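Heads up: the sequence lines are chains A and B, in that order. Count along the first sequence from 1, then add 896; that gives the number in this note's numbering. Count along the second sequence from 1, then add 896; that gives the number in this note's numbering. A short worksheet on the structure shown next.
2 protein chains.
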Amino acid sequence: MGRWEPDAQGRLRGAALELYAHQGFEQTTVAEIAARAGVTERTFFRYFADKREVLFAGSEQLQVETLAALAAAPASSSAIEAVAFGIERAVSVLADREYSRQRSKVIAANPSLQERELLKLAGLGAAMSAALQQRGVPPLTARLAAEAGVSVFTSAFDRWTADGESRTSVELVRESFAELRTVTAGL
Amino acid sequence: MGRWEPDAQGRLRGAALELYAHQGFEQTTVAEIAARAGVTERTFFRYFADKREVLFAGSEQLQVETLAALAAAPASSSAIEAVAFGIERAVSVLADREYSRQRSKVIAANPSLQERELLKLAGLGAAMSAALQQRGVPPLTARLAAEAGVSVFTSAFDRWTADGESRTSVELVRESFAELRTVTAGL
DNA sequence: GCTGCTGATGTCAGTTGCTGTCATCACTCT
DNA sequence: AGAGTGATGACAGCAACTGACATCAGCAGC
Chain A
897 MGRWEPDAQG
907 RLRGAALELY
917 AHQGFEQTTV
927 AEIAARAGVT
937 ERTFFRYFAD
947 KREVLFAGSE
957 QLQVETLAAL
967 AAAPASSSAI
977 EAVAFGIERA
987 VSVLADREYS
997 RQRSKVIAAN
1007 PSLQERELLK
1017 LAGLGAAMSA
1027 ALQQRGVPPL
1037 TARLAAEAGV
1047 SVFTSAFDRW
1057 TADGESRTSV
1067 ELVRESFAEL
1077 RTVTAGL
Chain B
897 MGRWEPDAQG
907 RLRGAALELY
917 AHQGFEQTTV
927 AEIAARAGVT
937 ERTFFRYFAD
947 KREVLFAGSE
957 QLQVETLAAL
967 AAAPASSSAI
977 EAVAFGIERA
987 VSVLADREYS
997 RQRSKVIAAN
1007 PSLQERELLK
1017 LAGLGAAMSA
1027 ALQQRGVPPL
1037 TARLAAEAGV
1047 SVFTSAFDRW
1057 TADGESRTSV
1067 ELVRESFAEL
1077 RTVTAGL
């Protein structure tokens, strides 16, 4: 299992983020990223499905951890409570705040990267919905609970990466959940 | 303002949907669509920003109508009530159920089309959130109310296009809103 | 120490989405 | 009839992505 230089994937990820942040996503060519990482363009596409995916390498793990926490929620939990279990775990997986900030900035600057992020989040929502249904939650209930959880996650995450925010991610998640409850009480 | 044959845009939209539905999105080339519509590939890109956008031509109008309805909600409405006004209007704009069914099928079959749809929906959510903030609703409240509205919209729309569903779209929206309220009451 | 296997990488050719540029055409107005 | 205008065609070109095949490093067995 030898390689010429170890961790080609890690070098590609680092090179891509630097170039995207420094000169913009569209202005960066895959050949540039590969060159900076010391490999060829073809090798880039062996590690990542496309030019965007390089920014979303850790997303499977986030989903796995979220689902595990959701599955570990007490059997007596309501659907939205089980989702809250999962989301609190998801947000505590994100450790490096400065890295998240930089990555978010790059994504926010390019619609096609936003699309990919939205797809990942939709996948997380669908997976949570499926997990809820396996707990016996009806489909519509499961879907609305899961998507509400994703909204809470993103709103808390965005505030967590905002400048001047000192609260922990879990605190922000709880605040978003509380606000969601207040919002829907207005119906 | 003359043209060789009128409604090139309409012909391109029809040709694209047919080909996407019949042989798949990725198996269809832009040159094929253009040829079927009787124009060149270059003309396709004059009407649509990219190969995916041809399926999302009516989305701006949907957003405009939704925002207008939201703005017309009584001043005494809560944030989520104002959103409900907008969403009920949005769903009643979708007239042709069979067309929606076919289009949804094509989109569901291809992740890159799902990405584009998610981006459009996120845009609708952001616009509703901005409209709510102009009504004096605080940012976090506005965002959660708007995204909840989008979830209600998509869940109702998907059920509306499901086989064997006979209820009207507005009925389904109201049911989704009621279910959302029940779900968040579990917190 | 040599050999053969395995998996990662390089090389290359090709398709397709998409863009810039400029000529050309149909139509309108005077 | 002639000039102007806006849509279209023709063409060249770049970059993302893919398939096929050669090649190389390192390991196992002899």
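Heads up, the beta-carbon is just placed ideally off N, CA and C, and yes, glycines get one too. Given the structure is predicted, the values throughout are model-derived calculations rather than measurements.
Rounded straight-line distance, which links the Cα of residue j to that of residue i
{"i": "Phe981/A", "j": "Glu1043/A", "result": "14 Å"}
{"i": "Arg1055/B", "j": "Gly910/A", "result": "43 Å"}
{"i": "Val1002/A", "j": "Ser996/A", "result": "10 Å"}
{"i": "Ser1065/A", "j": "Ser1051/A", "result": "11 Å"}
{"i": "Leu966/B", "j": "Asp903/A", "result": "52 Å"}
{"i": "Tyr943/B", "j": "Ser1025/B", "result": "29 Å"}
{"i": "Glu1013/A", "j": "Lys947/A", "result": "13 Å"}
{"i": "Thr925/B", "j": "Arg999/B", "result": "18 Å"}
{"i": "Ala917/B", "j": "Glu994/B", "result": "13 Å"}
{"i": "Arg1063/B", "j": "Phe1073/B", "result": "15 Å"}
{"i": "Gln1030/B", "j": "Ala986/B", "result": "20 Å"}
{"i": "Ala991/B", "j": "Gln905/B", "result": "20 Å"}
{"i": "Ala1005/B", "j": "Glu949/B", "result": "16 Å"}
{"i": "Glu1067/A", "j": "Gly1060/B", "result": "44 Å"}
{"i": "Ala969/A", "j": "Glu1071/A", "result": "20 Å"}
Among the options, the one whose alpha carbon lies nearest that of residue i
{"i": "Val1048/B", "options": "Leu1076/B, Gly920/B and Ala933/B", "result": "Leu1076/B"}
{"i": "Pro1007/B", "options": "Ala964/B, Glu922/B and Leu913/B", "result": "Glu922/B"}
{"i": "Gly1082/A", "options": "Gln1030/B, Ala978/B and Gly1032/B", "result": "Ala978/B"}
{"i": "Ser973/A", "options": "Leu915/A, Leu1028/A and Ala1074/A", "result": "Leu1028/A"}
{"i": "Gln957/A", "options": "Ala971/A, Lys1016/A and Ala1038/A", "result": "Lys1016/A"}
{"i": "Val889/B", "options": "Phe1053/B, Ala1074/B and Leu915/B", "result": "Because chain B spans 897 through 1083 in this model, residue 889/B falls outside it and cannot be assessed."}
{"i": "Glu984/A", "options": "Ala991/A, Thr962/A, Ala968/A and Ala971/A", "result": "Thr962/A"}
{"i": "Leu1009/B", "options": "Glu1067/B, Gly920/B and Glu901/B", "result": "Gly920/B"}
{"i": "Glu901/A", "options": "Glu1071/A, Leu913/A and Thr939/A", "result": "Thr939/A"}
Buried/exposed call for residue i, threshold 16 Cβ in 10 Å
{"i": "Ala1058/B", "result": "exposed"}
{"i": "Glu1011/B", "result": "buried"}
{"i": "Gln959/B", "result": "buried"}
{"i": "Ala912/A", "result": "buried"}
7 Å Cβ cutoff met for residue i and residue j
{"i": "Val1079/B", "j": "Leu1036/A", "result": "no"}
{"i": "Thr936/A", "j": "Ala930/A", "result": "yes"}
{"i": "Val1046/A", "j": "Gly1021/A", "result": "yes"}
{"i": "Leu908/B", "j": "Ala933/B", "result": "yes"}
{"i": "Ala975/B", "j": "Val1069/B", "result": "no"}
8 Å Cβ shell around residue i - same chain, five flanking residues per side excluded
{"i": "Phe941/B", "result": "Val926"}
{"i": "Gly898/A", "result": "Note on Gly898/A: pLDDT 49, under 50, position unreliable in the model; the coordinate value appears next. Correct list: empty, nothing qualifies."}
7 Å Cβ shell around residue i - same chain, five flanking residues per side excluded
{"i": "Ala1023/A", "result": "Gln959 and Leu963"}
{"i": "Ala953/B", "result": "Arg909"}
{"i": "Glu928/A", "result": "Leu915"}
{"i": "Ser955/A", "result": "Lys1016"}
{"i": "Ala971/A", "result": "none"}
Cβ shell of residue i (< 6 Å), same chain only, five flanking positions each side left out
{"i": "Ala1038/A", "result": "Ser1025, Leu1028 and Gln1029"}
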